[in-house]
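Trainee:
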Amino acid sequence: MSPRRIAGRPNGRRIAWTAAPSLAAALVAAACGTALPSSPPPDGSPAASGSPAASGSGDAAATPRPTGWPGNAVLGIEALGAADGPITAALNDLGRGIAGEDLALMRRAADGLAGLGVLLPNLERIRIFEPMVPFADRYEAAIEAIVAAAEGLRSAIDAGDAARITSSTQQLVESLELYTGVQPELAQWVNESIEQRRLLLR
């Protein structure tokens, strides 16, 4: 689909730029990621990680206990889970900014996303637990891509560079798709962390 010319007024200025209409649609699709659990599962329900109830037995005592995580891994996953809501909110703001031709809203969303580098130290907490290493690598790649693209979009809007706004917006959409690709696994780890915290507190 061919690009269309739209205009925005960040900081009171009018900037004409081009954006493919499919960008807004891509953000809407990306925003429909996996919802992370906000409360513990019902008592007696198995954790997501590998503690399914024994087949053919209703005896809860036969349910294997989940493998214990190091405490820092629990803290790291909880921090990433807590950040998912703000990331999704910024993603939605960006989508609305594109659809509504609102560069000020896009700039605000990019500003928030550019600060996601603060999450990266949590990855060292979870990398001490071997099963989490592949997830940590994918999450790190997604966050680094988001930060770089968001910084680029923010700079392009501030400079009033229409061509860079278009290209940076596309890059940010693509980087956010990397993040939504790891959201389902993040949701699984967050769900399991609820039981892991219980184990640590016993």
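The opening position of the sequence shown corresponds to residue 959 in the numbering used here, with each subsequent residue numbered one higher.
The C-beta atom is built at its ideal place from N, Cα and C for all residues, glycine as well.
(1) My guess is that Trp1027 and Gln1146 are in contact by the Cβ rule of under 8 Å, so how many angstroms apart are they, rounded?
(2) Could you tell me the distance, in whole angstroms, from the CA atom of Ala1067 to the CA atom of Pro1142?
(3) Could you pull out every residue in the same chain whose Cβ sits closer than 7 Å to the Cβ of Gln1129, ignoring the five residues on either side in sequence?
(4) Return the chain-ordered list of same chain residues with a C-beta closer than 6 Å to the C-beta of Gly1070, the five sequence neighbours on each side being excluded.
(5) How about Leu1033 and Arg1083: do their beta carbons lie closer than 8 Å?
(6) Near Leu1157, what residues of its chain come up, given a Cβ to Cβ distance below 7 Å and the 5 sequence neighbours on each side ignored?
(7) Rounding to the nearest angstrom, what Cα-Cα distance links Met1064 and Asp1051 in this structure?
(8) Let me check understanding here. Comparing Cα to Cα, which of Leu1074, Pro1092, Pro1089 lies closest to Ile1101?
(9) Do Val1091 and Arg1085 come within 8 Å of each other at the CB atom, strictly closer than that value?
(10) In chain order, what residues of the same chain lie with their CB nearer than 6 Å to the CB of Asp1042, ignoring the 5 residues before and after it?
Mentor: With the given structure in hand:
(1) Here residue 1027 is taken as the residue at index 69 of the sequence shown, counted from 1. Here residue 1146 is taken as the residue at index 188 of the sequence shown, counted from 1. In fact, because the Cβ distance is near 13 Å, the residues do not count as touching under 8 Å.
(2) Within the sequence shown, numbered from 1, the residue matching residue 1067 stands at position 109. Within the sequence shown, numbered from 1, the residue matching residue 1142 stands at position 184. Approximately 23 Å between the Cα atoms of the pair.
(3) The count along the sequence shown starts at 1 and reaches residue 1129 at position 171. Answer for Gln1129: Ala1107, Gly1110, listed in chain order.
(4) As a working mapping, residue 1070 is identified with position 112 in the sequence shown. Answer for Gly1070: Ala1048, listed in chain order.
(5) Locating residue 1033 in the sequence shown gives position 75, where the first residue counts as 1. Locating residue 1083 in the sequence shown gives position 125, where the first residue counts as 1. For Leu1033 and Arg1083, yes; Cβs fall inside 8 Å.
(6) Mapped onto the sequence shown, residue 1157 falls at position 199. Contacts found: Gly1026.
(7) Taking the sequence shown and counting its residues from 1, one reaches residue 1064 at position 106. Taking the sequence shown and counting its residues from 1, one reaches residue 1051 at position 93. For Met1064 and Asp1051, the distance between alpha carbons rounds to 7 Å.
(8) Walking along the sequence shown from the start, residue 1101 turns up at place 143. With distances taken between Cα atoms, Ile1101 lies closest to Leu1074.
(9) Locating residue 1085 in the sequence shown gives position 127, counting from the first residue. Locating residue 1091 in the sequence shown gives position 133, counting from the first residue. Yes, Cβ-Cβ distance for Arg1085 and Val1091 is below 8 Å.
(10) Position 84 of the sequence shown, counting from 1, holds the residue named residue 1042. Here the set comprises Leu994.
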